[in-house]
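Chemist: In the working numbering, the protein residues as written are 4 to 666. Think of the CB as a built atom: it goes at the ideal place given N, C-alpha and C, for glycine as much as any other residue. These figures come from a predicted structure and were not determined experimentally.
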Amino acid sequence: LLRQARPGWSAQQVKAALVSGVKPRPRDGVYAQGAGELSVPGALAATVQGPGTVSLGTLAWPHPPGQRASKEIVYTNLGDRPVRLRLRLDDVTGKGGNRVPSRTFKLGAGHLVVPAHGSASVEVTGDAGVPIQDKAYGEIGGRVLATAPGVSVTTAVGFWAEPEQVTLTVRTTGRTGGAPEAPSYVDVVALDEVAATRTYLDGTGETTYTLPVGRYALSALVFSGDTLSYLGDPELELSKDTTVVFDAATARRVTAATDRPSTVVAGTLQYGRWWDRFQIGGGAVAGQAEFYAAPTAKARTGGFELVEHLRATFDGGVYNLAFTEEGRVGRDQARVVRDRDLATVKETWYGRAADEPGGDLLNLYRPWSDAAFGTYNLAAKVPGERLSLYSPGQTFRQITFRGASPLFAETWYDLPRVYTRGQRRETTWFRMVSMNGVFPASDQAGTRIAERQAGLMGFAPATWKDAEPGHFGAGAYFGDLGNLVLLRDGKQVGSSAWPFGQFLVEDGTYELRSTMMRLRGLATGDQGALVRTSYRFTTARPPGEEVVALPFLTVRYDADVDVRNSAAPVAGFPVTLDVRGQVDYDPGRIATVRAWTATDDQAVWDGDPAAWTEVPVTREKGEWVARVDNAAATGKSVSLRVEAVDAHGNGLTQDVSRLYAVR
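1. Kindly indicate the opening and closing residues of the alpha helix (DSSP H) around Lys-18.
2. Are the C-beta of Val-17 and some C-beta of chain B separated by less than 8 Å?
3. When the Cα of Gln-495 is compared with those of Gln-505, Tyr-513, Gly-478, which residue comes out closest?
4. Let's see if you can read the secondary structure: which residues bound the alpha helix (DSSP H) around Pro-685?
5. Near Gly-575, which residues of its chain fall below 6 Å by C-beta distance, leaving aside the five closest residues on each side in sequence?
6. Are Ala-444 and Gln-585 close, meaning C-beta to C-beta below 8 Å?
7. Based on the DSSP secondary-structure assignment, which residues constitute the bridge partners of His-312?
8. Under a three-way DSSP split, which group does Val-33 fall into?
9. Could you check what DSSP says for Trp-371 in three-state terms: helix, strand or coil?
10. I'd like the list of long-range same chain contacts for Thr-327, defined as Cβ closer than 7 Å, with 5 residues on each side in sequence excluded.
11. If Thr-150 sits next to Arg-89, beta carbons under 8 Å apart, how far is it from one beta carbon to the other, in whole angstroms?
12. What would DSSP say about Val-427, mapped onto helix, strand or coil?
13. Identify the residues that DSSP records as bridge partners of Asn-486: which are they?
14. If you follow the beta strand (DSSP E) that Asp-236 is in, where does it begin and where does it stop?
15. Give the list of continuous alpha helix (DSSP H) stretches no shorter than 4 residues that lie fully inside the segment 585-662.
16. Quick check: Arg-71 and Asp-130, are their CB atoms within less than 8 Å of each other?
17. How many angstroms separate the CA atom of Gly-141 from the CA atom of Ser-122?
18. Tell me whether the beta-carbon of Val-641 lies closer than 8 Å to the beta-carbon of Val-628.
19. Three-state secondary structure (DSSP) at Gln-336?
20. Taking only the alpha-carbon atoms, compute the straight-line gap between Arg-369 and Asn-323 and give it to the nearest angstrom.
21. Leaving out five residues before and five after Thr-414 in sequence, what residues of the same chain have Cβ atoms less than 6 Å from its Cβ?
22. Taking the alpha-carbon positions, what's the Glu-167 to Gln-336 distance?
23. Rounded to a whole number of angstroms, what is the C-alpha to C-alpha distance between Gly-425 and Ile-135?
24. Quick test of your reading: Ser-23 and Thr-157, contact by CB under 8 Å. State the CB separation rounded to the nearest angstrom.
25. Note down, in chain order, each residue of its chain lying with its Cβ closer than 7 Å to the Cβ of Arg-341, except the 5 sequence neighbours on either side.
26. At what residues does the beta strand (DSSP E) containing Gln-136 begin and finish?
27. Using the rule of at least 16 other Cβ atoms within 10 Å of the residue's Cβ for burial, across every protein chain shown, is Val-659 buried or exposed?
28. Residues in the same chain with beta-carbon distance under 6 Å from Val-385, minus the five sequence neighbours each way, listed in chain order, please.
29. Which ranges would you report for the alpha helix (DSSP H) in the segment 539-569 if only whole runs of at least 4 residues count?
30. Which partner residues does Ile-76 have in the DSSP bridge list?
31. With DSSP run on the structure shown, which of helix, strand or coil describes Lys-98?
32. For my contact list, Leu-171 and Val-247 are in at a C-beta cut-off of 8 Å; report their separation, rounded to the angstrom.
33. Can you tell me where the alpha helix (DSSP H) with Arg-6 in it begins and where it stops?
34. Report yes if the CB atom of His-312 is closer than 8 Å to the CB atom of Gln-273, and no otherwise.
35. So what does DSSP say about Ser-155, is it helix, strand or coil?
36. Would the beta-carbon of Leu-110 fall within 8 Å of that of Val-127?
This is the structure in structure tokens:
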């Protein structure tokens with residue numbers, strides 16, 4: 004718009020006009036927001052312009068009285084009459100928004116007359132010799148406001164006042180006395196600004212840093228032999244050349260005495276440091292190792308914690324323990340854990356016809372960060388049972404896997420969960436597995452699989468699901484495939500070579516056909532490894548730029564199967580069909596639900612319509628239940644087709660290959 008209004012202007016003139024004509028009353032300092040919030044109308048209407056920004060350069064340490072730098076601020080009057088500007092300084096701050104004296108800047112005059120179609124200038128001076136607090140050295144800035152009736156011109160001014168620099172030397176020694184081993188590292192975090200440095204220690208025990216004086220948080224994660232140690236100082240005042248020694252031999256061993264004889268097989272040391280509006284953290288994981296933590300001083304600014312996360316196996320189960328050191332790391336690292344103080348979860352891991360390897364890891368989330376540190380994988384028997392005991396008050400997320408081939412092993416996720424003291428719970432994994440699921444959220448409502456904004460729709464389901472509502476599975480590294488076809492009035496109007504995608508849509512009725520499959524799934528006999536789904540829906544353009552859920556139905560399956568996902572060879576075998584609207588879509592009363600079964604795997608994969616035989620579906624205790632004749636399927640697998648229509652006429656048809664086997 005400005006280029007159209009001023010076609011003869013250079014790029015520099017356009018920039019100066021935009022910066023000079025910002026909105027009044029900016030919300031942050033010049034190094035965070037610049038001159039202010041952009042205002043195109045202000046730039047278009049401006050009759051007086053300034054340079055936008057003026058840099059006074061760098062003033063080196065030390066800063067004796069009278070150390071100054073000056074430049075002219077040139078104002079240009081585009082109008083036909085002279086303009087008398089009132090000049091003042093505002094928003095003068097140091098590094099990180101820290102306060103500095105207003106006399107750090109000085110204007111050569113308080114008023115300035117700019118002639119019509121001419122220019123005039125005023126000198127601005129930055130004075131680094133003015134005493135300021137150490138944490139304010141660095142970028143010093145402010146705004147020069149030039150005003151007159153109907154005129155407002157803003158100029159951002161600043162200079163770099165070099166802070167005093169000192170040398171920090173960190174000497175780190177492994178627990179065995181030698182240099183730390185990879186992947187050991189040291190974090191140096193500046194608390195007076197947003198800056199952090201991580202240095203990895205691979206065969207070297209000494210690192211040197213040149214830093215401004217100020218406050219720093221130091222953390223070291225040190226590997227040495229079969230040990231992992233945390234050493235640190237949450238708040239180090241750095242005012243002169245300093246050497247810090249982190250000797251892992253001074254750390255105390257983290258132990259947990261449990262009711263059942265147990266062995267630590269995996270663990271994590273994870274630290275967090277937060278202050279003002281900033282937060283940072285780090286950690287390290289190890290397998291069968293000894294874990295140590297060295298006592299530290301107390302953090303005086305903001306917060307600090309070290310979380311010691313241990314997994315210890317016992318006969319038939321695993322302890323999942325987390326101990327939090329708040330404010331400082333204490334001297335006593337020996338814990339006593341009682342089963343009665345923990346939560347107990349009975350896990351049943353379902354499998355296929357043959358035994359296979361499986362396992363899990365745990366992510367541990369802390370309030371100061373959205374990120375999480377996990378542990379090394381812990382093996383589990385599939386199928387099998389396990390007792391898991393959890394520390395209360397911590398946010399754990401269980402992540403599981405199954406399968407001998409890493410290429411074809413999908414990864415499964417539970418909801419993040421916080422357990423309470425004495426809580427008891429039962430859960431299952433891999434029961435009634437099939438492709439095409441939803442992503443559950445922490446409130447168990449899940450997240451949308453299909454949305455529309457304006458004329459664009461998107462579709463993205465989870466790759467796998469099982470009978471537990473809180474689970475979803477991500478695709479394997481290789482072999483989980485799929486595609487989409489979008490139709491309107493029976494004609495293809497879009498496609499995707501992946502099982503997710505976006506399409507341009509108009510108001511009307513559509514059918515989205517989704518195919519999800521595992522490569523060689525027919526040959527390997529995988530359960531639920533081919534799922535074809537047809538979504539039939541009517542959509543209208545949402546108001547404005549609102550993003551709305553499309554009227555899609557979803558279905559989840561459950562049945563009384565054994566740990567190998569096999570059912571009894573009986574007639575009238577009940578299969579529960581959990582048909583509902585996707586997140587944020589109310590389908591009203593589900594109008595009809597029908598079901599068909601097939602036992603010819605090849606015909607199902609070939610898409611033969613003759614493979615299917617309809618079975619009765621009834622409403623029982625508030626659930627839709629298909630009654631399947633398993634007596635006729637002994638030694639085979641049962642594939643299931645479900646068709647559902649909601650109160651608004653939107654519908655779903657889903658074919659699942661080999662949902663379960665029959666003994």
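Modeler: By the coordinates alone:
1. 14-23
2. No chain B is part of this structure, which consists of one protein chain only.
3. Tyr-513
4. This structure leaves residue 685 out entirely; the chain is present only between 4 and 666.
5. Arg-630
6. no
7. Thr-271, Ala-325
8. helix
9. coil
10. Glu-308, Val-310
11. 5 Å
12. Reading off the sequence shown, one finds Arg at residue 427, where the question assumed Val. Strand.
13. Thr-518
14. 230-241
15. 604-609
16. yes
17. 32 Å
18. no
19. coil
20. 15 Å
21. Phe-404, Ala-477
22. 39 Å
23. 56 Å
24. 6 Å
25. Asp-262
26. Counting along the chain, Gln-136 falls outside any beta strand (DSSP E), and DSSP gives it neither H nor E.
27. buried
28. Trp-352, Gly-354, Glu-359, Gly-361, Arg-405
29. none
30. Val-125
31. helix
32. 7 Å
33. 5-8
34. yes
35. strand
36. yes
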